[in-house]
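Below is one structure, written out as structure tokens; comments come after it.
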Amino acid sequence: MAQIVPAVAVEFSHVSKSYPIYAAPGDRLKELATFHRRSFHRDYWALRDVSFSVRKGETFCLIGENGSGKSTALQICAGILNPSSGSARMTGRVAALLELGAGFNPEFSGRDNVYLNAAIMGLSKKEMERKFPEIEEFAEIGDFIDQPVKTYSSGMSVRLAFAVAIHVDPEILLVDEALAVGDVYFRQRCLRKVHELRSRGVTILFVSHSMAEVKQLGDRALWLDHGNLMAVGSTDRVVSGFLAAMAAKDAKYQEQDALHHPYPPSGVPMELVEGIPNADRRSGDGRAEVLGIAVCGADGRPLRLVPPESTVVVRVSIRAKHNLDRPIVGVLLRNQLGLDFAGVNTANDGHPLPPLMMGETCTVDFHVDLSTLYTSSLSFSPAVSNGTLENYAVCDFVENAIVLEMVPPDGHLYGPSRFPCRIEVNAKLGEGAAAS
């Protein structure tokens, strides 16, 4: 029986892309004046001889440092750029979420841009009238839908662009790191939608700097470095090679940085932490406030990446704005889809706090032992309340105050987490009875 080969949705064959770089603006005019007989520029190669193919229904991730050529590859897929040499072929309707504002006319309203983009994609006005309420609901930009796009914030532009991209029934969806400018709440909704499209068999080309996200979504991955193809293949293998290269590069940087900026010795307490990196929403009666939050390793250094099976210290500082007779400080942990999966607080974990008078501050360290989690990021939402576990009033709750990328676990992980497990292989049943 002949083997069925999956159809190819995207194919790059020896694709290269170069841009002319001029030392001064006038050099471009000089080159034009000589009718290009004399060159006044040097070539910058964003891609060099890159070949790969993506099967229909596959989720294919592109990884690499900034400037490696990932976005250029997606722009070629979208038809925005033409390769300098080689060929690129796409089979199916392509919807793209690339850099901010791509495909939008800033003078048109959001509504007009939705219909314009749909027409470019080949959808009729009647089809768009049926889909428009879903797009408007998903974007959640309110009355701004009828305002010129030039008045939008970067987050609003991404909201509308993503809503359009996923509702025009794409066969190939291109998603760049543009989602990173959105708030955590909307990013979580977008990732849930990407999972849904993936399950429906849509071909997805996904660019992300989150390696755990890549391992979770990608069937295969491609690693680019300064326009050169370093590796393409299984997600685990490609990501492992990339992380090893980045770890070696970071270790070299830390050695050099330590010579010029020595870090304070570990164990030096930081009594009060001030500053909240992010606040999707804040709620509460205002009787107390969260002053700051920090997530550190055991050595006291702030974390940029959270390794699996590690202990992190979540430090939360609060200030009482009224007298609190039974203050409670806690932290809620969420995954990249916005799902709450763990929470800790001083009352439930056996460390009740003494009363706080108006103006007094308190800092609480939560030493959290993390298991192996199948998530691309963790968000920490601190809160301060007053009362008991059964009857309390929330004073201040900061949703997704700090978000950290999760280092992907080694090997395969089935389900959202991995529990410690000891395995024993038993003797055959009846063997003991036969021996007696």
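For reference, each letter of the sequence shown is one residue, going 1 to 436 in the numbering used here.
From the three backbone atoms N, C-alpha and C, an ideal C-beta is built for every residue, glycine too.
Option nearest residue i by Cα separation, candidates the options
i	options	result
I204	A165, Y115, A24 and Y44	A165
D325	R55, G241, A248 and A393	A393
Q188	D280, P327 and Y152	D280
P148	R111, P170, I172 and G122	R111
G275	V368, D236 and I318	I318
I76	A33, A23, S13 and N105	S13
A96	A73, V368 and S84	A73
F108	L123, F144, A88 and S84	F144
S85	D146, Q336, V54 and V50	V50
R198	P83, D169, P352 and S379	D169
A9	M156, F52, L353 and L98	F52
N386	E177, M246 and D285	D285
V398	Y185, P308, L116 and C362	Y185
S371	C362, S377 and E309	E309
A46	G57, L272, S18 and A33	S18
V306	S16, E405, S240 and R55	E405
L272	L160, V364, V407 and N391	V364
For residue j and residue i, the rounded distance between their alpha carbons
i	j	result
Q216	V238	13 Å
V94	V290	45 Å
P20	M90	26 Å
T311	L303	11 Å
R334	I402	11 Å
P382	N278	11 Å
G267	A163	No answer about G267 holds up, because its pLDDT of 45 lies below 50 and its placement is not dependable.
A7	L174	18 Å
K249	V384	40 Å
I120	V232	32 Å
A88	R42	25 Å
R282	L81	43 Å
E137	S154	18 Å
G142	G350	45 Å
K126	R192	28 Å
F35	E177	39 Å
R55	G297	41 Å
H322	A78	56 Å
E11	G122	23 Å
R159	T151	14 Å
A139	F380	25 Å
E129	C395	44 Å
P269	P354	In this prediction, P269 scores a pLDDT of 49, lower than 50, which makes its location untrustworthy; the coordinate-derived value is nonetheless stated afterwards. About 21 Å.
Limits of the unbroken alpha helix (DSSP H) element including residue i
i	result
E129	K125 to A139
F162	S154 to H167
G26	P25 to A33
K70	K70 to A78
Contact set for residue i: own chain, Cβ-Cβ below 6 Å, skip 5 residues either direction
i	result
F366	V314, V331 and V344
A347	I328 and L389
E171	G92 and R93
F40	D27, K30 and E31
G167	Before going on, a small fix: residue 167 reads as His here, not Gly. Taken in chain order, the residues that qualify are K131, E134 and I135.
N228	R48
A320	A288, L356, M358 and E360
G338	Q188
F242	I63 and W223
beta-carbon residue i near the ligand PLP non-hydrogen atom, thresh 8 Å
i	result
S16	The ligand PLP is absent from the structure shown, which contains no ligands of any kind.
Start and end residues, beta strand (DSSP E) containing residue i
i	result
K150	Here K150 belongs to no beta strand (DSSP E), and DSSP marks it neither H nor E.
N228	N228 to S234
M211	No beta strand (DSSP E) holds M211; the alpha helix (DSSP H) holding it covers M211 to L217.
V114	Premise fails: V114 lies in the alpha helix (DSSP H), G110 to I120, not in any beta strand (DSSP E).
P17	For the sequence presented, residue 17 should be read as Lys rather than Pro. V8 to Y22 is the extent of the beta strand (DSSP E) around K17.
E399	Y392 to E399
I402	I402 to M406
D340	D340 to N345
R315	T311 to A320
S51	H41 to R55
A88	S85 to M90
E289	A288 to C296
A221	R220 to D225
Close beta carbons around residue i, own chain, < 7 Å, minus the five adjacent residues each side
i	result
P265	Bear in mind that a pLDDT of 48 at P265, under 50, signals an unreliable position, so the model cannot answer this.
M156	I141 and F144
Y414	Residue placement at Y414 cannot be trusted, given a pLDDT of 49 that sits under 50; what the coordinates show is reported in the next sentence. Here the set comprises nothing.
N113	F104, N105 and V149
G57	G201 and T203
D369	T311
Neighbourhood of residue i by C-beta distance below 8 Å, restricted to the same chain and skipping five residues each side
i	result
T235	C61, V214, K215, G218, D219, R220 and A221
A433	Confidence is the limiting factor: at A433 the pLDDT is only 48, short of 50, which leaves the residue's position unreliable and the question unanswerable from this model.
D146	S109, G110 and R111
* **Sufficient close CB pairs (3 or more, under 8 Å) joining the stretch 56-72 to the stretch 207-226** => yes
* To do: Evaluate the contact criterion for the stretch 224-233 versus the stretch 67-79: three or more CB pairs, one atom per stretch, below 8 Å.
  => yes
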